[in-house]
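Enquirer:
Protein chains: 4
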Amino acid sequence: MDKADTIKRLKNIEGHVRGIERMVESDAYCIDLIRQIQAVQAALGKLNASILDSHIHSCLITAVRGEDMAERERVLAEIAEVYSLAAQT
Amino acid sequence: MDKADTIKRLKNIEGHVRGIERMVESDAYCIDLIRQIQAVQAALGKLNASILDSHIHSCLITAVRGEDMAERERVLAEIAEVYSLAAQT
Amino acid sequence: MDKADTIKRLKNIEGHVRGIERMVESDAYCIDLIRQIQAVQAALGKLNASILDSHIHSCLITAVRGEDMAERERVLAEIAEVYSLAAQT
Amino acid sequence: MDKADTIKRLKNIEGHVRGIERMVESDAYCIDLIRQIQAVQAALGKLNASILDSHIHSCLITAVRGEDMAERERVLAEIAEVYSLAAQT
């Protein structure tokens, strides 16, 4: 995972959330707030996918190629779990 | 909309995002990052739904009971639009 | 709501699901099944949004312009409820 | 993947969609249609997650433990791709 890039994206998201707080303070229109929240959700979804992409290209390969069956199963079960949460929502 | 409550929830979300940044800085496990991001997405979804709830109980009632047909259509189209984005994702 | 169009879209979705059944029977590749299921989910999301759009342009207007406060609240609460489910997922 | 179970679940989903068609034909209330569509979306999400779970416990293990680098990359990229679509929606 590109640590610097991930932190940069999180800082942007944090700034976006702070911007929404200021919008609420200055009585912005509800629908404009909702649109901004939807944009933050989309940015988080992209970041999420990017972290999983790195994960399967590193930790998963190590675990699956390793000989520790319990560790392998743990890593596969985690991926199934986060996918399940994403797919059902 | 309860302004103080909305800002409080946004500040919690902002703090949550900052917590994820610290996790990345201290090399947290990818899957733990993904779980935290999913938790932030869920919190944003709840806030989103709560803002829409206030909106339809205030602005929408005013617009639909008013006599300005263009304004009414604008308000209804906005709700259809944000719902459409939510429903397809 | 355009009844004929809604039924046509549902029949397409039903056919799409039957197509996935045939894919399973002929041992299609898992990822191809997942992609088709995601396509069906997207089609249902669009249909969902289209039904809500008709609903707010008919039933909602009638309820909000009417004088029955309990009925009005019922209709608004339903919209908040289905939006909430869509937004959090 | 349990083929018989997958087909059974798809047949249930297909029957659910046909039930919604009948609801439309008999002029069911819009919100009831939306709720049924949301239920079908949830069932598809669960099936989706279940298919991915089998996939990573079979094809993925074979590909990652194998020596064909292009095949391994293909399988990992597919998982990243379907996850990305799920996470952003």
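These protein sequences, in sequence, are chains A, B, C and D. Reading the first sequence from the start, the letters are residues 208 to 296 in the working numbering. Reading the second sequence from the start, the letters are residues 208 to 296 in the working numbering. Reading the third sequence from the start, the letters are residues 208 to 296 in the working numbering. Reading the fourth sequence from the start, the letters are residues 208 to 296 in the working numbering. For glycine and all other residues, C-beta sits at the position ideal for the given N, C-alpha and C.
1. Mind listing the chain A neighbours of Arg272 (chain B)? Cutoff is C-beta to C-beta under 8 Å, in chain order.
2. Would you verify that the beta carbon of Lys210 (chain A) is, or is not, closer than 7 Å to some beta carbon of chain B?
3. For a cutoff of 7 Å on Cβ pairs, would you count Asn219 (chain A) as touching chain B?
4. Which residues of chain C have a Cβ atom closer than 7 Å to the Cβ of Ile286 (chain B), listed in chain order?
5. Quick one: Cα of Arg225 (chain B) to Cα of Glu221 (chain A), how far?
6. Exposed or buried, which one is Thr269 (chain D) when buried takes at least 16 other CB atoms within 10 Å?
7. Go ahead and pull the three-state DSSP assignment for Glu274 (chain A).
8. Just checking my contact of Arg272 (chain D) with Arg272 (chain A) at CB under 8 Å: how many whole Å lie between their CB atoms?
9. Residues of chain D with CB closer than 8 Å to the CB of Ala249 (chain A), please, in chain order.
10. Once you ignore the five residues that flank Ile263 (chain B) on each side, which residues in its own chain have a CB closer than 8 Å to its CB?
11. Specify, as a first and last residue, the run of the alpha helix (DSSP H) that Asp212 (chain A) falls within.
12. Under 7 Å between the Cβ atoms of Val289 (chain C) and Ile241 (chain D)?
13. Can you check whether the C-beta of Leu267 (chain B) is within less than 7 Å of a C-beta belonging to chain A?
14. Roughly how far, in whole angstroms, is the beta-carbon of Ile227 (chain A) from the beta-carbon of Leu217 (chain B), given that I think they are within contact range, below 8 Å?
15. Using a Cβ-Cβ cut-off of less than 9 Å, list which residues of the segment 227 to 249 of chain D approach chain C; keep chain order.
16. How would you list, in chain order, the residues of chain B whose beta-carbon sits under 7 Å from the beta-carbon of Arg225 (chain A)?
17. For the alpha helix (DSSP H) containing Gln245 (chain B), list its first residue and its last residue.
18. Which same chain residues end up closer than 6 Å to Ala235 (chain A) when comparing Cβ atoms and leaving out the 5 residues on each side of it in sequence?
19. Please decide whether Ala189 (chain C) counts as near chain B, where near means a Cβ-Cβ distance under 7 Å.
20. Do you know whose CA, among C:Ala277, C:Asp209, C:Lys210 and C:Asn255, lies nearest Gln245 (chain D)'s CA?
21. Answer with yes or no whether the minimum CB distance from Leu254 (chain D) to chain A is below 7 Å.
22. Could you tell me the distance, in whole angstroms, from the CA atom of Met230 (chain A) to the CA atom of Gln295 (chain D)?
23. What separation, rounded to the nearest whole angstrom, lies between the Cα atoms of Thr213 (chain D) and Asn219 (chain C)?
24. Going by C-alpha distance, which of A:Met208, A:Asp239 and A:Arg279 is nearest Leu267 (chain D)?
25. Check whether the Cβ atoms of Ile238 (chain C) and Cys237 (chain D) lie closer than 7 Å to each other.
26. Name the chain A residues whose beta carbon is nearer than 8 Å to that of Leu292 (chain B)?
27. Going straight from the alpha carbon of His223 (chain A) to that of Lys215 (chain D), what length do you get?
28. Could you check if Asp275 (chain B) is buried or exposed, using at least 16 other CB atoms within 10 Å of its CB as the buried criterion?
29. Excluding the 5 residues preceding and the 5 following Thr243 (chain D) in the sequence, name in chain order all residues of the same chain whose CB lies nearer than 6 Å to its CB.
30. Between the Cα of Lys210 (chain D) and those of C:Lys210, C:Ala284, C:Met208 and C:Ser233, spot the shortest distance and give me the residue it belongs to.
Expert: According to the data block:
1. If you number the second sequence from 1, residue 272 (chain B) lands on position 65. By Cβ distance, chain A contributes nothing, its closest Cβ being about 17 Å from Arg272 (chain B), past 8 Å.
2. Walking along the first sequence from the start, residue 210 (chain A) turns up at place 3. Yes, Lys210 (chain A) counts as interfacial toward chain B.
3. The sequence position of residue 219 (chain A) within the first sequence is 12, counting from 1. Asn219 (chain A) does not count as touching chain B.
4. By one-based count along the second sequence, residue 286 (chain B) stands at place 79. For Ile286 (chain B), the chain C residues whose C-beta falls within less than 7 Å of its own C-beta are Ile263, listed in chain order.
5. On the second sequence, position 18 is the one that residue 225 (chain B) refers to. On the first sequence, position 14 is the one that residue 221 (chain A) refers to. Those two C-alpha atoms are separated by around 7 Å.
6. Counting from one through the fourth sequence, the residue named residue 269 (chain D) turns up at place 62. The residue in question, Thr269 (chain D), is exposed, as its Cβ has fewer than 16 Cβ neighbours within 10 Å.
7. For this step, residue 274 (chain A) is matched to residue 67 along the first sequence. Reduced to three states, the DSSP call for Glu274 (chain A) is coil.
8. Working through the fourth sequence from its first residue, we reach residue 272 (chain D) at position 65. Working through the first sequence from its first residue, we reach residue 272 (chain A) at position 65. Contact flag correct, Cβ pair sits at about 6 Å.
9. The residue given as residue 249 (chain A) occupies position 42 in the first sequence. Under the 8 Å cutoff, chain D gives Gln295.
10. The residue you call residue 263 (chain B) lines up with position 56 of the second sequence. Contacts found: Ile286.
11. Taking the first residue of the first sequence as 1, we reach residue 212 (chain A) at position 5. Secondary structure note for Asp212 (chain A): its alpha helix (DSSP H) is the uninterrupted segment Lys210 to Glu232.
12. As a first step, residue 289 (chain C) must be located in the third sequence, where it is residue number 82. As a first step, residue 241 (chain D) must be located in the fourth sequence, where it is residue number 34. Cβ atoms of Val289 (chain C) and Ile241 (chain D): closer than 7 Å.
13. Stepping through the second sequence from its first residue, residue 267 (chain B) is reached at position 60. No, Leu267 (chain B) does not count as interfacial toward chain A.
14. Translated into the one-based positions of the first sequence, residue 227 (chain A) becomes position 20. Translated into the one-based positions of the second sequence, residue 217 (chain B) becomes position 10. Right, their Cβ atoms sit about 6 Å apart.
15. Ile227, Glu228, Val231, Glu232, Asp234, Tyr236, Cys237, Ile238, Leu240, Ile241, Arg242, Ile244, Gln245, Val247, Gln248 and Ala249
16. In the first sequence, residue 225 (chain A) corresponds to position 18, counting from 1. Within 7 Å Cβ-Cβ: Glu221.
17. Here residue 245 (chain B) refers to the residue found at position 38 when the second sequence is read from its first residue. Run containing Gln245 (chain B): Cys237 to His264, per the alpha helix (DSSP H) assignment.
18. Taking the first sequence and counting its residues from 1, the one referred to as residue 235 (chain A) is at position 28. Answer for Ala235 (chain A): no residue qualifies.
19. Given a span of 208 to 296 for chain C in the structure shown, any question on residue 189 (chain C) remains unanswerable.
20. As a working mapping, residue 245 (chain D) is identified with position 38 in the fourth sequence. Nearest option by C-alpha distance: C:Asn255.
21. Numbered from 1 along the fourth sequence, position 47 holds the residue referred to as residue 254 (chain D). For Leu254 (chain D), the nearest beta carbon of chain A is not closer than 7 Å to its own beta carbon.
22. Position 23 of the first sequence, counting from 1, holds the residue named residue 230 (chain A). Position 88 of the fourth sequence, counting from 1, holds the residue named residue 295 (chain D). For Met230 (chain A) and Gln295 (chain D), the distance between alpha carbons rounds to 25 Å.
23. Taking the fourth sequence and counting its residues from 1, one reaches residue 213 (chain D) at position 6. Taking the third sequence and counting its residues from 1, one reaches residue 219 (chain C) at position 12. Those two C-alpha atoms are separated by around 20 Å.
24. Locating residue 267 (chain D) in the fourth sequence gives position 60, where the first residue counts as 1. Minimum Cα distance to Leu267 (chain D) is reached at A:Arg279.
25. Locating residue 238 (chain C) in the third sequence gives position 31, where the first residue counts as 1. Locating residue 237 (chain D) in the fourth sequence gives position 30, where the first residue counts as 1. For Ile238 (chain C) and Cys237 (chain D), no; Cβs fall outside 7 Å.
26. To locate residue 292 (chain B), count along the second sequence from 1; it is residue 85. Going along chain A in sequence order, the residues near Leu292 (chain B) (Cβ under 8 Å) are Gln245.
27. One-based indexing of the first sequence puts residue 223 (chain A) at position 16. One-based indexing of the fourth sequence puts residue 215 (chain D) at position 8. Spanning the alpha carbons of His223 (chain A) and Lys215 (chain D) requires a straight line of approximately 45 Å.
28. Here the question's residue 275 (chain B) lines up with position 68 in the second sequence. Exposed, because fewer than 16 other Cβ atoms sit within 10 Å of the Cβ of Asp275 (chain B).
29. Looking up residue 243 (chain D) in the fourth sequence gives position 36. Here the sequence assigns Gln to residue 243 (chain D), which means Thr is not the residue at that position. Closer than 6 Å at Cβ, skipping near neighbours: Ile227.
30. Locating residue 210 (chain D) in the fourth sequence gives position 3, counting from the first residue. Considering only alpha carbons, the answer is C:Ser233.
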